[in-house]
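K.L.:
One structure, as structure tokens, below. Some questions next.
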Amino acid sequence: MTTANTSEPFSETRIVTRRLHERPDDSWTIDGALASGAYDSLRQVLAQGDPSAVQAEATASGLRGRGGANFSTGQKWSFLPKDTFPRYLVVNGDEGEPSTFKDRMLLERDPHQLLEGIVIASYAIQCNLAFIYVRGEFALGHDRLMRAIADARAKGFIGKDIQGSGFDLDVVVHRGAGAYICGEETALLESLEGERGMPRLKPPFPAIEGLYAKPTVVNNVETLSTLPHIVRMGGEEYAKLGMARSTGTRVCALSGHVKRPGNYEVEFGCTFRDIIFGLGGGIRDDNALKFFLPGGASFQWLVEEHLDEPYDMDHAAQKLGTSLGSGAVMVFDETTDPVRVAWRLAKFYSHESCGKCTPCREGTGWVEKILYRILHGYASPEDFEMVCDVADNISPNFMAAPFNQTTLCPLGPSVASPIASLAKYYRDEIIERIAAQQAEVPA
Amino acid sequence: MGRFSGFLVTARQMFKPRLTTEYPEQVREYPARRHGRHVLNRYEDGMEKCIGCELCAGICPARCIYVRGADNPPDDPVSPGERYGFVYEINYLRCIHCDLCVEACPTEAITETKLFEFSWNNRNDSIYTKDQLLVDDDGHPRKQPWEAWAPGQDENLSEWVRATSPSGMAEYEGRVSWSGDLGHGVRDPGPTQAELDGREEID
Amino acid sequence: MTTGQAQTDTELVTLTIDGREVQARKGELLIKVAQENGVYIPRFCWHERMEPVGMCRMCLVQVDGMRGFPPACTTPVAEGMVAHTDTEPVKKIQDGVLEFLLINHPLDCPVCDRGGECPLQDQTLAFGPGESRFTEEKRHFEKPIPLSGLVLLDRERCIQCGRCTRFAEEIAGDPLIDFGERSDRMQVVTFPDEPFSSYFSGNTVQICPVGALLSKPYRFKARPWDLSTSETTCTTCAVGCRGALQSSSNRLLRLLGVDLDAVNQGWLCDKGRYGYEWVHADERVLEPSVRVRNAMVDVSWPEALEAVANELQRAIELHGPSSVAVLGGARGSNEDAYAWVRLAKGVIGTDNVDAQLGDGLPADAVLGLPRAEIDDLDQAAAIVLLGPDLKEELPVLYLRVKQAAVSKKVPLLDLAPVDVGLTPYATAVSRTVPGEEGVAAERLVAAIGGRASGDAGIDAFAAAATGRSGPVVVVLGRGSVAQSAAPTMRAAAAFAALPNVRFLSALRRGNVHGALDLGLAPGFLPGRVTLDAGRGWFAPIWQTVPKERGLDAEGILRAAADGKVRVLVLLGADPVADFPDTDLARRAIDGAGYVVAVDAFLSESTRRADAFLPCTVWGEKAGTTTNLEGRVQRLGRKVSPEGTTMDDWRIAGELAVRLGNDFDLEFVDEVTDEIATVAPAHAGARSQLLRRSRDGVVLPVREHLHEIMVRTGDLNIMAEDGPAVSWDPIRVDAAEPSEEGDAAHEVDEARGEAERLEREAPAHHEWDRAANVGDAPGRDAYALRLVSGRELYDGGRITTCSPSLAPLRKDSALMVHPQDLARIGVEEGTQVRVTSSRATVTLPVRTHPSVPAGTARLPFTADGRGASELIDTTTMVTDLRVETIS
């Protein structure tokens, strides 16, 4: 099985992460940022003076949300009702997905790039107040962001009459209190309003009735960090990167049993092999690959046969039945017990379920308990079928993608993904294992 | 001969074994699942099993049971849990011994003995109160002055319900599924229906 | 809002549910449309009177063209929609959701108060899996913890549907409970050290779909199958909420709110809900007694009646009819009021009769002002509040006004003298100086007329109301019982000039409107006619009619104190507790020659009675009542009275016989029918009609016949088979009377009767506003003006004799503005000496920023202490001097 542990050397395509690689010592300071071209795109936009042109560039670039839902950014902006003011931009920096740490790096190492993106986006949608919801645990990121806001304000990139353009924008930073669900956009809005972080009913979508019941755009940190580069390069030019409808680059958070884990910015269209072997240096101790999570914890796993599939959002969704999600790739080698991984993920979802809707509130906990029993030898042979059926009750027809849900938000179905992966790749293994455990127990 | 033919029947019967028993001097053996008067059982630790849920009163076709529940005093609980039977009365002028109350009871608090010989000359005595129904400290029914007991009738009070519970399904026959009784511990489940019928086991 | 009922309009759409084509109003929710068409979609979190949230996921369905499984409770119907509620995938989801709900739900149904009427039980049976596959340990919490003095929470049983938390925030406006914790540990919590002390907390118990929220008074009292139910009307206050009264073994055990769309919409206040306990109070007087040599001696009814009749006879013969006075009657039924009016005015011939105790409004205003219905609030152009705190005195009317202001966005102006429960929802607030209400009213009239009023709040309100259609509804009452009714009347005179203005009189006693309508007020005869106008009509029907207008409550008490009243009848009245001036009331009782108490309890007043005739109370008697909008509704008789108590109307009839006039009334329905025949406003409101009409009838009957809905079913709490309904709006099915239906006969008869009386009987009284102008009183700069209103849990009998409510009484203290406290020069909570022109009392003083400077608030506690010692009824307002005790 070790034959797969080889790959051509592969290199990153650094756009969003260029500055923090080029200036490792001061990329987060205003001086370091300005020295490497920060806010040039903003000046260009303000000089041009046409918000709709920015929107057009964003649409032309084919940029899709980097938070996990992969929705077209330009289209999202266009849903805002005309002439309804005030409207808000909310930046989702509540990066809570297991194994995902790309926004954290962007916040800590390049806050000015994000701020520039925020001002450009706000200008494009003509809002005068932006909120940044930062995950509470990002202490350093928060500090650097606050510092960056103060510096940008001092330099006139934020505040009244930005760079003499007559455009005003104020930025408010809010720190989360440690709830995974607040990364879901409507729960994030609830939390921002001071309510309990629980998802809202959709419709109405945030673009119509969002924060404080006003039209609101919620964008991810990486999405907004990409904007200055789209302006700089031009939307058409940016769209040439990547493949098909997955344009541009993606910061991929590689973790797990690889030799060199870390954030790598790759162009869409490369293969998983390029990421795991080309950039990550292969599996630790040159072990065989068992499986990997292609997009955070919430989507179905892939195995060795998928290594040469292209890293493309639509391909993953339509052909592989999974998603590139938050851009995290988690790798597990042959020493891993897949049931243990599934149990640990279920435990996470059970702990983080907000409690609003029944299938998620009760189902995640139940799945966790059954997996625990399978893991520790207290299960009966029917239990694996049962856990599959429970997953099916949370996410009807749970083996198929895109997933259905009986829940309010996608948190519930996320717990069905590990079960579906177990059922897809390891069903026989697990049933044998339970039978073996049963044999050990005296009747 | 015609007028003597009637005596022939008598003469023939005279030499056959007698079927009549000299009740009450002699008491014949009653069926194991005879329905007599009720008892209220207690757990091994002395707690009452009745939780005052009134399901027996609700199901009773003769409307002869009157129950009222109350909050268990936390420092001196009468039964496990929140609620206990505060009032429990059965009117034996009405009771038809159908045993639906026993079927309905979720805690096997009420079961029937085989005791059926009781008579009174006062309507008030016909209403058995909780004190009279509750088993004594040895787990035996409390004998009322107007009751006649034959040996063994006060034994195996909850046998019948144990043999079939829960929900009277055949696969539970012979299985004890409940906690023990005061003075008796966990009782034997008693004979199964098949054994009583003298048949092979139900499969 | 976008998905809620707000979008509903009248456009009809056609859709298909489970293959059946149905019609519905566009925007209506699928779950409701399905139910109305016989398809029950299971649900837990959805309640028709609240915004949908889609939390429980029980009502997921399939809709052609929509991806996945939309919840029926958040999906508005649209033209051509094809919905499926019983497909295999939907059934699997229903099984799954119920299994999820049950994995952590304890199966302690036998000891659960909800067991037997539990929506979770019912829906599990109908839609759920037969068995659970969950073998792990269930979630455990400490068994019931108190959320408040009335509501217990069993967190193990909670299915986190959020009905209670949403009710508290959306409906009651008391967001004192919310969810805490996450995932399956999520639980309803109160704020630390702040109980769920909402006046509406009992409603959360009624709408809870499991036994998680429990009523402390009802806990373990009965199981659902041994309750029997009667429909009734709550008489705790004058709103007239519809309720389902339940009893077991001749004890009242529970009152559930019935959804009467026009009045309470399913909600009850806690005082009404739990106030039934006083019916069985140990303090009830159950046998008649008369005073023999300074001691009360139990006697038989004939002896007691004979004694009273003899006293009456002697008083009439020696001192004339006007030496007899009757106080009270606002607590009984319409039939009681009518029989006593007929006895007093038609047999004895006295007009010294008053149902109010000097704490209400003049009868000629209440009877003569154009009336609003409660439902007018929702469609009003504007609502003006001038009166007491509705949350304290008429709680369910508070809910309706709040709903109008919040959900229907009707502009609301708060003119109360201090902050009230509705202040947070008011469009504009203008604090009136107590006694100067007329000035505020005149300003409002000016502002609505387009002139600047000089008050920014009033101007803003007038601007908000401009251009809106519908009536202007004025909720009119005494903002303070420490002032006379004159300032309120002056304000009413000003308001009456507004175009399309209607009034809701905020009088609080249960049937005070019924009593006034039937003539328990000086100068009036039954059916809203004045004594002078009605004399010709009633003279041939009754034996006699009073010659001249008599005295009101204050006049009667003054006359009694002067020894001019030979027989004083207290008809469930306790003037010592309720009359604003306690001292006068005491002197009056002492000064009256012979006091007859028709009451259920010994009180400060009835303790001194010479004859005590115990009467039946609510729950024990049938009859009708009239609420503040003039709606006549039936009372339910649920338990047999204990002892030998008698209905008030029957006592009046028995006394009349002994005075030589046989009313010839055998049954309560005959009294109702006599009212419907002789009282002009009630013409046609016969017992048969009232029995058949679902929502009662609004007086005057002839103007409201078109509103009558004929009931087509009975009230059903425990459905024989099918789900229990007490957690969803409890409704009685009804239809408009049809030409052929047998109810058409009753409506026709009512119309005929009403038309006959319109031709023959005198016209209804109309209020003459010209007679109500006057000046505001001057003000002493060093004094604090007293504002005194009731609190919901006051010292009245319902509170003190209901063990569950009695502990909820709050301590009363003199509340002043912080600035005034500084001026007095004492610390918060110190005892101070408070002096009015009437008395000096010692009270603790506290501050509250809602009390305007120059004003002092002191609750009227209805136990003869506090404010009622201080109030001087001879002056228009009561000013207080507050001094330190040295």
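Protein chains in written order, with numbering that gives the first Met the number 0: chain F, 0 to 442; chain R, 0 to 202; chain C, 0 to 885.
Yeah, the Cβ is synthetic: ideal placement off N, Cα and C, and Gly gets one too.
(1) For the segment 132-159 of chain F, which segments carrying the alpha helix (DSSP H) assignment without a break, of at least 4 residues, lie completely within its bounds, in sequence order?
(2) Within 10 Å of its beta-carbon, does C:Phe43 have 16 or more other beta-carbons around it, so buried, or fewer, so exposed?
(3) Rounded to the nearest angstrom, how far is the Cβ of F:Val250 from that of F:Val15, given a contact under 8 Å?
(4) With DSSP run on the structure shown, which of helix, strand or coil describes C:Gln378?
(5) May I ask you to list, following chain order, the residues of the segment 782-802 of chain C that have a beta carbon less than 7 Å from some beta carbon of chain R?
(6) CA-CA distance, R:Asp251 and R:Asn155?
(7) So, are the CB atoms of F:Phe402 and F:Ala422 less than 8 Å apart?
(8) Counting only beta-carbon separations shorter than 8 Å, does C:Phe219 have a partner in chain R?
(9) Taking the alpha carbon of C:Gly518 as the point to measure from, which residue in C:Gln542, C:Met488, C:Gly549 has its own alpha carbon closest?
(10) Given this structure, state the Cα-to-Cα distance separating C:Gln542 from C:Val677, to the nearest angstrom.
(11) Give the DSSP-derived three-state secondary structure of R:Tyr127 in the structure shown.
(12) Evaluate contact between the segment 95-106 of chain C and the segment 65-73 of chain C, counting only Cβ atoms and requiring at least three cross-stretch pairs below 8 Å.
(13) Whole-angstrom Cβ separation of C:Leu506 and C:Gly683, contact assumed at under 8 Å?
(14) Contact criterion: CB-CB distance below 8 Å. Does C:Gly695 meet it with respect to chain F?
(15) Between the alpha carbons of C:Val528 and C:Asp516, how many angstroms are there, rounded?
(16) Is it buried or exposed for C:Ser690, if we count other Cβ within 10 angstroms and need 16 for buried?
(17) Does any CB atom of chain F fall closer than 8 Å to the CB of C:Phe166?
(18) Inspect the beta-carbon positions of F:Ala419 and F:Asp311 and report whether they are closer than 8 Å.
(19) Enumerated in chain order, which unbroken segments of the alpha helix (DSSP H) with a length of 4 residues or greater are wholly contained in the segment 20-88 of chain F?
(20) Is it buried or exposed for C:Lys809, if we count other Cβ within 10 angstroms and need 16 for buried?
(21) Taking just the CA atoms, how far does C:Val473 sit from C:Leu384?
(22) Does C:Phe190 get closer than 8 Å to chain F when you measure Cβ to Cβ?
(23) Report the CB separation of C:Ala587 from C:Gly328 in whole angstroms; it is logged as a contact under 8 Å.
(24) What residues from chain F crowd round C:Gln159, counting only those whose CB sits closer than 7 Å?
(25) In the DSSP output, which residue or residues are listed as bridge partners for C:Leu251?
(26) Throw me the rounded Cβ distance for the C:Trp648 and C:Asp335 pair, which I believe falls under 8 Å.
(27) If you count every other CB in all the chains shown that lies within 10 Å of the CB of C:Tyr781, and 16 or more means buried, which is it?
(28) Near C:Pro416, what residues of its chain come up, given a Cβ to Cβ distance below 7 Å and the 5 sequence neighbours on each side ignored?
(29) Taking 8 Å as the CB-CB cut-off, is C:Cys55 touching chain F?
(30) Got a sec: is the Cβ-Cβ distance from C:Arg154 to anything in chain F below 8 Å?
(31) Locate the beta strand (DSSP E) running through C:Gly890, then write down its first and last residues.
(32) If we define contact as Cβ-Cβ less than 8 Å, is C:Arg42 a contact residue for chain R?
(33) Under 9 Å Cβ-Cβ, which residues of chain C neighbour F:Pro395?
(34) For the segment 125-145 of chain C, which residues have a beta carbon sitting closer than 8 Å to at least one beta carbon of chain F?
(35) Since I believe F:Gly196 is in contact with F:Ala212 (beta carbons under 8 Å), could you give me their beta-carbon distance rounded to a whole number of angstroms?
(36) Any C-beta of chain C sitting closer than 8 Å to the C-beta of R:Glu81?
P.N.:
Taking the definition as stated:
(1) 138-153
(2) Mapped onto the third sequence, residue 43 of chain C falls at position 44. With 16 or more other Cβ atoms within 10 Å, it is buried.
(3) Counted from its first residue, the first sequence places residue 250 of chain F at position 251. Counted from its first residue, the first sequence places residue 15 of chain F at position 16. Contact flag correct, Cβ pair sits at about 6 Å.
(4) As a first step, residue 378 of chain C is located in the third sequence; it is residue number 379 there, counting from the start. Three-state DSSP puts C:Gln378 in a helix.
(5) none
(6) One cannot answer for residue 251 of chain R here, as it falls past the ends of chain R, which runs 0 to 202.
(7) As a position in the first sequence, residue 402 of chain F is number 403, starting the count at 1. As a position in the first sequence, residue 422 of chain F is number 423, starting the count at 1. It is not a contact, given that the beta carbons lie outside the stated cut-off.
(8) One-based indexing of the third sequence puts residue 219 of chain C at position 220. So yes, C:Phe219 belongs to the interface.
(9) Counted from its first residue, the third sequence places residue 518 of chain C at position 519. The shortest Cα separation from C:Gly518 among C:Gln542, C:Met488, C:Gly549 belongs to C:Gly549.
(10) By one-based count along the third sequence, residue 542 of chain C stands at place 543. By one-based count along the third sequence, residue 677 of chain C stands at place 678. Rounded to whole angstroms, C:Gln542 to C:Val677 spans 14 Å at the Cα level.
(11) Along the second sequence, read from residue 1 onward, the residue named residue 127 of chain R stands at position 128. In the structure shown, R:Tyr127 sits in a strand (DSSP, three-state: E or B).
(12) no
(13) Position 507 of the third sequence, counted from the first residue, corresponds to residue 506 of chain C. Position 684 of the third sequence, counted from the first residue, corresponds to residue 683 of chain C. Rounded, the Cβ-Cβ distance is 25 Å, inconsistent with contact.
(14) For the purposes of this step, residue 695 of chain C is identified with residue 696 of the third sequence, where counting begins at 1. Not an interface residue.
(15) The residue given as residue 528 of chain C occupies position 529 in the third sequence. The residue given as residue 516 of chain C occupies position 517 in the third sequence. Their Cα atoms are separated by approximately 8 Å.
(16) Here residue 690 of chain C is taken as the residue at index 691 of the third sequence, counted from 1. The identity of residue 690 of chain C in the sequence shown is Arg, whereas the question assumes Ser. Looking at its Cβ environment, which holds fewer than 16 other Cβ atoms inside 10 Å, C:Arg690 is exposed.
(17) As a working mapping, residue 166 of chain C is identified with position 167 in the third sequence. No, C:Phe166 does not count as interfacial toward chain F.
(18) Translated into the one-based positions of the first sequence, residue 419 of chain F becomes position 420. Translated into the one-based positions of the first sequence, residue 311 of chain F becomes position 312. Not a contact, by the Cβ cut-off of 8 Å.
(19) 29-34, 39-47, 50-60, 72-77
(20) Residue 809 of chain C sits at position 810 when you count from the first residue of the third sequence. With fewer than 16 Cβ atoms within 10 Å of its Cβ, C:Lys809 is classed as exposed.
(21) By 1-based counting over the third sequence, the position of residue 384 of chain C is 385. By 1-based counting over the third sequence, the position of residue 473 of chain C is 474. Their backbone Cα atoms lie some 6 Å apart in a straight line.
(22) Sequence index remark: in the third sequence, residue 190 of chain C carries index 191 (1-based). Not an interface residue.
(23) Residue numbering aside, residue 587 of chain C sits at position 588 when the third sequence is read from its first letter. Residue numbering aside, residue 328 of chain C sits at position 329 when the third sequence is read from its first letter. No, C:Ala587 and C:Gly328 are not in contact; Cβ-Cβ is about 17 Å, not under 8 Å.
(24) Reading the third sequence from its first residue, position 160 is the one you call residue 159 of chain C. Residues of chain F passing the Cβ test: Gly354, Arg360.
(25) Counted from its first residue, the third sequence places residue 251 of chain C at position 252. Beta-bridge pairing links C:Leu251 to C:Ser246.
(26) The count along the third sequence starts at 1 and reaches residue 648 of chain C at position 649. The count along the third sequence starts at 1 and reaches residue 335 of chain C at position 336. Indeed they touch by this definition, with Cβ atoms about 5 Å apart.
(27) Start at 1 with the first residue of the third sequence, and residue 781 of chain C comes out as number 782. With fewer than 16 Cβ atoms within 10 Å of its Cβ, C:Tyr781 is classed as exposed.
(28) For the purposes of this step, residue 416 of chain C is taken as the residue at position 417 of the third sequence. Excluding positions up to five away in sequence, the list reads Arg430, Thr431, Pro433, Gly478, Ser479, Val786, Thr854.
(29) Counting from 1 along the third sequence, the entry for residue 55 of chain C is found at position 56. It does: the Cβ of C:Cys55 has a partner Cβ on chain F nearer than 8 Å.
(30) The count along the third sequence starts at 1 and reaches residue 154 of chain C at position 155. No, C:Arg154 lies away from the interface with chain F (no Cβ there is under 8 Å from its Cβ).
(31) Outside the modelled stretch of chain C, which goes from 0 to 885, sits residue 890 of chain C, for which no answer is possible.
(32) Numbered from 1 along the third sequence, position 43 holds the residue referred to as residue 42 of chain C. No, C:Arg42 lies away from the interface with chain R (no Cβ there is under 8 Å from its Cβ).
(33) Indexing the first sequence from 1 puts residue 395 of chain F at position 396. Neighbours of F:Pro395 on chain C, chain order: Gly67, Phe68, Pro88, Lys91, Ile92, Gly95.
(34) Arg132, Phe133, Glu135
(35) Counted from its first residue, the first sequence places residue 212 of chain F at position 213. Counted from its first residue, the first sequence places residue 196 of chain F at position 197. No, F:Ala212 and F:Gly196 are not in contact; Cβ-Cβ is about 17 Å, not under 8 Å.
(36) Position 82 of the second sequence, counted from the first residue, corresponds to residue 81 of chain R. Yes, contact with chain C.
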